Amino acid sequence: MNMNLKDKLSASFLAFESNYGVDTNENLHQIRTHAMDQFEKVGFPAKKNEDWKYTSVKKFLDRDYSLFPIKTGNVTHKDIEKLLLKGTETYKIVFVDGVFQTHLSDVSHDQLDVCILSSAIKKPKYQIVFNHYFNTVASKEEGFSNLNTAFTSEGAYIHIPKGKVVEKPIQILYITTDKEKEVLLQPRNLIIVDENAHVQIIEQHHSFSDNFVLNNTLTEIFANKRAVVDFYKIQNDNIKASLVDNTFVQQKEGSNVTVNTYTFGGDMTRNNLSFYQVGENINSNLNGVTMVKGKSHVDNQTNVYHQQPNCESHELYKGIYDEASTGVFNGKVYVEPIAQKTDAFQQNDNILLTDDASINSKPQLEIFADDVACSHGCTIGELDKDAMFYLKQRGIPSKEAKALLLFAFTNEVVKRIRIPQLKQAITDIISEKLGVELEIEM
Amino acid sequence: MLKIKDLHAGVEGKEILKGINLEIKSGEIHAIMGPNGSGKTTLSSVIAGREDFEVTEGSMTLDGENLMELEPDERAHKGVFMSFQHPIAIPGVTTTNFIKTAINAKRKALGFDEMPAAEMLKKIREKAELLGLDRSFLSRSLNDGFSGGEKKRNEIFQMAMLEPKLAILDETDSGLDIDALKTVANGVNTLKTKDNAILVITHYQRLLDYIIPDYVHVLSDGKIVKTGGKELALELEEKGYEWIK
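Which chain is which? The protein sequence lines are R and X, in order. The opening residue of the first sequence carries number 110 in my numbering; numbering runs sequentially from there. The opening residue of the second sequence carries number 59 in my numbering; numbering runs sequentially from there.
Here's what the structure looks like:
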């Protein structure tokens with residue numbers, strides 16, 4: 110009989126630690142051990158946990174996942190071509206079954222570090238920066254985050270030095286193959302953007318396997334003074350793949366960070382996204398489009414912590430749920446007493462295309478300062494009849510008319526994408542999902 | 059061309075049109091005038107095939123073909139066009155792309171290939187000029203952030219592109235200043251041929267100074283209560299609708 114997943118993870122931890130070397134980074138060893146203790150205490154989230162009320166991870170816990178893939182699939186350039194951005198040069202950090210692939214990647218140490226976490230852990234020249242930032246903004250309480258921390262070994266390490274404006278977008282690609290049966294992968298990204306630096310990053314998880322895949326990924330983003338960071342998550346995986354994405358952003362004075370979450374597929378996708386504002390005049394942006402069908406389940410949890418005065422946050426999530434797909438939006442905004450002159454905006458709009466599709470949307474504002482402008486809104490509806498009639502009157506049949514309106518619905522978010530080639534790529538995915546060809550305003 | 063006989067229609071069991079008889083021949087311009095609530099918008103919606111309205115009695119044919127059973131897009135393919143009082147905005151889809159989609163949908167339904175790109179471009183340029191629309195306007199998202207006048211000009215631009223047999227102009231003059239009104243009317247007049255027909259639906263007479271109707275019908279409480287020539291519009295303007303009842 111299989112051990113349940115929690116016990117199996119506990120049993121594997123010591124072997125994992127010795128495998129990756131306890132001695133190379135004592136600080137990391139301490140953090141991992143502490144995280145494992147925490148995970149053993151809290152375990153996987155259950156439905157009685159308010160934040161997991163509408164998302165169950167129960168079915169994952171009985172699967173006999175391989176925790177440390179030994180075999181790595183053979184993936185070629187051609188295999189990943191469709192996942193890469195076309196028409197512009199990019200840095201690429203590509204992993205297959207958890208292992209970094211030099212031949213598929215295009216990294217850099219020339220004035221900026223676009224490389225891998227295992228190097229940053231080991232090499233003295235990166236260790237100081239690594240130890241200064243690592244696991245300082247990630248959750249120390251929550252189960253999945255602790256689990257990822259405990260098993261931290263590999264992922265993307267990006268450090269953009271002061272004043273550097275990175276011209277090329279950076280693509281991080283996590284590929285899973287069918288070399289192992291069911292696999293649990295736990296990539297870890299550490300992104301540090303120093304004062305006045307600008308960077309654009311695109312992250313994707315993609316399974317080439319028909320087997321069950323669970324990714325429990327964690328990303329920490331540190332935006333120092335006046336840094337500008339655009340982070341894009343493209344979640345368009347197959348129906349056997351599930352993703353728990355934990356992203357923590359810490360922003361200093363005058364910085365501007367945008368996290369864009371585009372979800373088009375997967376079995377279960379859970380995004381835990383948290384922003385911590387620790388300086389003044391900060392701008393935090395959270396954009397999301399979810400467009401799913403079948404039995405896909407997508408859960409977006411967002412937290413914005415306004416902890417200093419004169420900051421803004423803008424949040425816009427749109428969802429289209431077809432067939433028997435289900436969604437959750439839980440948007441929390443905390444405004445601390447000191448955070449006067451906060452400007453916080455949140456909107457979540459949803460279209461349900463069938464009677465079987467559903468969405469649970471819950472805006473949650475906790476405001477303890479009095480001189481603030483905070484607003485939130487949430488809509489759940491069907492396609493607009495007036496608009497359908499207008500398009501059909503022009504001779505456009507139902508299917509195309511519906512597609513055009515759904516495209517228009519998502520466009521308010523899509524048009525905010527600041528990489529033209531990515532905007533085109535996202536539009537192409539949306540067109541494909543809608544089964545029509547669309548030409549867009551650039 | 060269009061023959062409507064004893065048409066009764068309503069919404070949610072409430073009868074709004076109570077026996078409309080109307081015949082429009084090729085080359086004619088008809089105007090339907092009437093106070094608010096008389097059924098003007100219902101009539102245009104029913105001709106265009108809006109599903110919200112239920113036709114309970116009567117018949118409606120276009121060149122002898124029964125319109126009743128056709129979807130709005132199928133009616134459009136047969137040549138029915140309606141200029142909307144409140145056109146819908148479609149963010150992210152350019153006016154050019156939208157009109158291409160509409161034209162090619164019609165061609166596909168009629169069994170033609172897509173219009174060649176060069177021909178499409180030429181036609182777009184020609185018709186845009188007619189309506190005084192510049193190129194930047196055409197590459198903007200359809201009706202997104204357009205002023206009232208821009209929306210109406212865009213409607214007539216689409217009419218010019220689609221070349222309908224029967225064009226229904228529903229309150230096209232509302233929200234237009236006098237210059238925009240002249241541009242729109244001039245566009246409509248240029249598009250008028252002996253083979254097509256126009257039905258102008260309006261509350262006020264002022265559009266009819268520029269688009270001169272052959273017939274004016276007065277709609278009141280779901281029925282056409284009076285029909286006359288263009289001078290009837292002026293009389294209504296002067297005396298109001300009370301006079302007709």
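Yeah, the Cβ is synthetic: ideal placement off N, Cα and C, and Gly gets one too. Small disclaimer: the values here were computed from a predicted structure and weren't measured.
Beta-ladder partner(s) of Tyr443/R, from DSSP: Tyr414/R and Glu475/R
Cβ closer than 8 Å: which chain X residues qualify as neighbours of Val203/R? None at all; the shortest Cβ gap to chain X is about 31 Å.
Based on Cα-Cα distance, which residue from Lys342/R, Gly252/R and Arg172/R lies nearest to Lys150/R? Gly252/R
Report, in whole angstroms, the separation of the C-beta atoms of Lys288/X and Ile270/X, which I expect to be a contact under 8 Å. 6 Å
Taking 8 Å as the cut-off, decide whether the C-beta atoms of Lys349/R and Thr181/R are in contact. no
Looking at chain X, is there any beta carbon in it that lies within less than 8 Å of the beta carbon of Arg527/R? no
Residue-chain proximity (Pro93/X, chain R), Cβ-Cβ < 8 Å: no
Proximal residues, the segment 126–150 of chain X versus chain R, C-beta separation under 7 Å: Glu129, Pro130, Asp131, Ala134, His135, Met140, Phe142, Pro145, Ile146, Ile148, Pro149 and Gly150
Could you tell me whether the Cβ atoms of Leu461/R and Ile489/R are closer together than 8 Å? yes
Under the three-state reduction of DSSP, which class applies to Pro233/R: helix, strand or coil? Pro233/R falls in the helix class under three-state DSSP.
Taking Cβ-Cβ distances below 8 Å as the criterion, which residues of the segment 497–508 of chain R are in contact with chain X? Phe498, Tyr499, Leu500, Lys501, Gln502, Arg503, Gly504, Ile505, Pro506 and Ser507
Whole-Å CB distance - Gly363/R paired with Ile391/R, under 8 Å assumed: 7 Å
Flag Val205/R as yes when its Cβ comes closer than 7 Å to any non-hydrogen atom of the ligand NAP, and as no otherwise. Although the ligand NAP was asked about, the structure shown includes no ligands whatsoever.
Against chain R: residues of the segment 236–255 of chain X by CB proximity under 9 Å: Taking 9 Å as the Cβ-Cβ cut-off against chain R, none of the residues of the segment 236–255 of chain X qualify.
Does the Cβ of Ile539/R have 16 or more other Cβ atoms within 10 Å, making it buried, or fewer, making it exposed? buried
Give every residue of the same chain whose Cβ lies closer than 7 Å to the Cβ of Gly150/X, excluding the five residues on either side of it in the sequence, and list them in chain order. Ser199
What does the alpha-carbon distance come out to for the pair Arg264/X and Gly71/X? 35 Å
What does the alpha-carbon distance come out to for the pair Met110/R and Ala510/R? Any answer about Met110/R is weak, because its pLDDT of 42 lies below 50 and its placement is not dependable; what the coordinates show is given next. Using only the alpha carbons, I get a separation of about 53 Å.
Let's test the definition: count the other Cβ atoms within 10 Å of the Cβ of Trp161/R and tell me whether it reaches 16, buried, or not, exposed. buried
When you compare the segment 91–108 of chain X with the segment 175–190 of chain X, are there three or more beta-carbon pairs, one atom per stretch, that lie closer than 8 Å? Output reads no: the segment 175–190 of chain X does not touch the segment 91–108 of chain X.
From the beta carbon of Lys185/X, is the nearest beta carbon of chain R less than 8 Å away? no
For Gln309/R, which three-state DSSP category applies? In the three-state reduction of the DSSP assignment, Gln309/R falls in the strand class, which pools E and B.
Is the beta carbon of Arg503/R closer than 8 Å to that of Ala147/X? no
Lys232/R to Gln455/R span [Cα, whole Å]: Approximately 42 Å, taken between the alpha carbons.
To the nearest angstrom, how far is it from the Cα of Asp131/X to the Cα of Glu213/X? 16 Å
Please specify which runs of the beta strand (DSSP E), each continuous and at least 3 residues long, are wholly inside the segment 169–208 of chain R, giving them in chain order. 200–205
Could you give the DSSP three-state label for Met110/R: helix, strand or coil? The predicted model places Met110/R with a pLDDT of 42, which falls under 50 and marks its position as unreliable; any figure quoted below should be read in that light. Note: Met110/R maps to coil in three-state DSSP.
Considering only C-alpha positions, which residue in the set Leu294/X, Trp301/X and Lys281/X is nearest to Gly95/X? Lys281/X
Exposed unless 16 or more other CB atoms sit within 10 angstroms - verdict on Thr152/X: Buried is the call here.
Note down, in chain order, each residue of its chain lying with its Cβ closer than 7 Å to the Cβ of Phe260/R, except the 5 sequence neighbours on either side. Phe125 and Gln295
Pull up the DSSP beta-bridge partners for Val337/R, would you. Bridge partners of Val337/R according to DSSP: His307/R and Asn365/R.
Between the C-alpha atoms of Tyr41/X and Phe156/X, what's the straight-line distance to the nearest angstrom? Because residue 41/X is not part of the residues shown, which for chain X are 59 to 303, the question remains open.
Buried or exposed (CB count within 10 angstroms, at least 16 for buried), Gln360/R: buried
What does Lys532/R touch in chain X if you count any residue whose Cβ is under 9 Å from its own? The premise fails here: Lys532/R is roughly 10 Å from chain X at the closest Cβ pair, so nothing lies under 9 Å.
Does the Cβ of His315/R have 16 or more other Cβ atoms within 10 Å, making it buried, or fewer, making it exposed? It counts as buried.
Is DSSP giving Leu123/R helix, strand or coil here? Looking at Leu123/R - three-state DSSP - the assignment turns out to be helix.
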